[in-house]
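Its first residue numbered 5, the sequence shown is counted upward by one per residue in our numbering.
Don't be surprised by glycine CBs; every beta carbon is placed ideally from N, CA and C.
What follows is a single structure, written as structure tokens, with notes after it.
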Amino acid sequence: MKTIVITGGTDGLGRALAVNRLRRGDHVVVIGRSHTKFAALGGGEFLPADLTLISENHRVLEELGDRPIDALVLAAAYASFPRVTTAEGIEHNFALYHLSRFLLADGLHDNLRATPDPVIIDTTVPGAPAGAIHWHDLNLEHGYTWKAANRQSRRATFLRAAGRTRENPVPHVLISPGFVRSSHQGSLTGIRRGLVTLLARVAGTAPERAIEPLNALIDQPPAEPLTAYQGRKRLPVEIGEDTLADAHRLAALTGELLSPRTR
């Protein structure tokens, strides 16, 4: 039996994975916001949290304590198309798609290392361009677009994982599951939501099928410290000195951003 921690485990891909692992007899810890959706899973352990808040991520880490964890699946998703800041003053997408992943992956490193074959699976889509980080405006107070926020968060997640490749880290996988049929949580309204719903019906992958490569990675984690996938297709990962320099710079800036908000 494995212990699997899943963020965003009450909907879509995360929910399908939670249900599947529960049926296998694993202990599944679901981190999410809806008690009602969790109850429908029929099992597991629920840690309610708003992962856009730094304080909530710290609380989750405290509640998980030092228990051994076999797999951390970072699947929480909520797209905010207009610029929105959290109650802590952080741009929403950067808070959820970078800071939360940064805190949980780092904070649970020892928990994962306590098991024989640990893995971090992150549904961040690989391939954001090298110039996506707004070094002097991480909060995107100027010139915000959803595309810019999305690219920056994806690149930031890659840089953090890349920066740890020389530290004997837990294997970290960036994987794009493709377009998955789900409720598509986010600030979708009107025509945009209608188009996304229609596209999901026509071209979307059922969550139960989309989790197959995730299950394979949990059962047999890669040996390399950082890998990337598009579904089952392995993608090249290039980590040069420029990438490592950017990773170090981002880690320092993230530390400064977190320091006044550690509790």
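Collapsed DSSP secondary structure at residue i in the structure displayed
i, result
"E171", "coil"
"K4", "Since the first residue shown for the chain is 5 and the last is 267, residue 4 is missing from the structure and cannot be characterised."
"I8", "strand"
"G69", "coil"
"V23", "helix"
"A258", "In the sequence as presented, Ala is not what sits at residue 258; that position holds Thr. It is helical."
"G13", "coil"
"L199", "With a pLDDT of 49 at L199, under the threshold of 50, the predicted position of this residue should be treated as unreliable, and no value is reported."
"T119", "coil"
"A204", "Annotation note: pLDDT 47 at A204 (below 50); position unreliable, no value reported."
"A134", "helix"
"E245", "helix"
"E228", "coil"
Among the options, the one whose alpha carbon lies nearest that of residue i
i, options, result
"H31", "V9, L45, V177 and S59", "V9"
"E212", "W139, V23, T14 and K6", "V23"
"H39", "A109, R238 and L51", "L51"
"E260", "K151, K237, H140 and I215", "H140"
"K237", "L218, I243, H252 and D223", "L218"
"P133", "K151, R117 and H146", "K151"
According to DSSP, residues forming a beta bridge with residue i
i, result
"K237", "Q234"
"D126", "L78 and L178"
"P52", "G36"
"E95", "T89"
"T149", "T149 is not bridged to any residue."
"H31", "T7"
Whether residue i touches residue j by CB criterion (8 angstroms)
i, j, result
"P130", "A232", "yes"
"D126", "L178", "yes"
"L144", "R87", "yes"
"V64", "G48", "no"
"R71", "N115", "yes"
"T7", "G18", "no"
"I124", "L76", "yes"
"V247", "A166", "Residue 247 is actually Thr in this sequence, not Val. Taking 8 angstroms as the Cβ cut-off, T247 and A166 qualify as a contacting pair."
"L78", "R105", "yes"
"T14", "G46", "no"
"P182", "T149", "Note that residue 182 is Gly in the sequence shown here, rather than Pro. Not in contact: G182 and T149 (Cβ atoms no closer than 8 angstroms)."
"P240", "H176", "no"
"T119", "I73", "yes"
"H113", "V174", "yes"
Beta-carbon proximity list for residue i, same chain, < 6 angstroms, skipping 5 on both sides
i, result
"Q234", "S180"
"Y101", "S157"
"A278", "As shown, the chain starts at 5 and ends at 267. That puts residue 278 outside it, with no answer to give."
"A256", "none"
"T193", "In this prediction, T193 scores a pLDDT of 49, lower than 50, which makes its location untrustworthy; the coordinate-derived value is nonetheless stated afterwards. Cβ neighbours of T193 beyond the five flanking positions: none."
Own chain partners of residue i with C-beta closer than 7 angstroms, once the 5 adjacent residues on each side are dropped
i, result
"E95", "R87, T89, N143, L144 and A153"
"A91", "L57"
"M5", "G29, D30 and H31"
"F42", "T14, V34, G36 and F50"
"Q224", "none"
8 angstroms Cβ shell around residue i - same chain, five flanking residues per side excluded
i, result
"L107", "I58, N61, H62, L65 and L262"
"I137", "Q156, R159, A160, L163, D250 and L254"
"I215", "L17, A20, L21, N24 and P181"
"L202", "Any reading at L202 must be qualified, since the residue scores a pLDDT of 46, below 50, and its modelled position is unreliable; the value itself is stated next. Nothing listed; no residue qualifies."
"A80", "T11, G12, G18, I35, G36, L55, L100 and S104"
"L26", "V32, L45, G46, G47 and G48"
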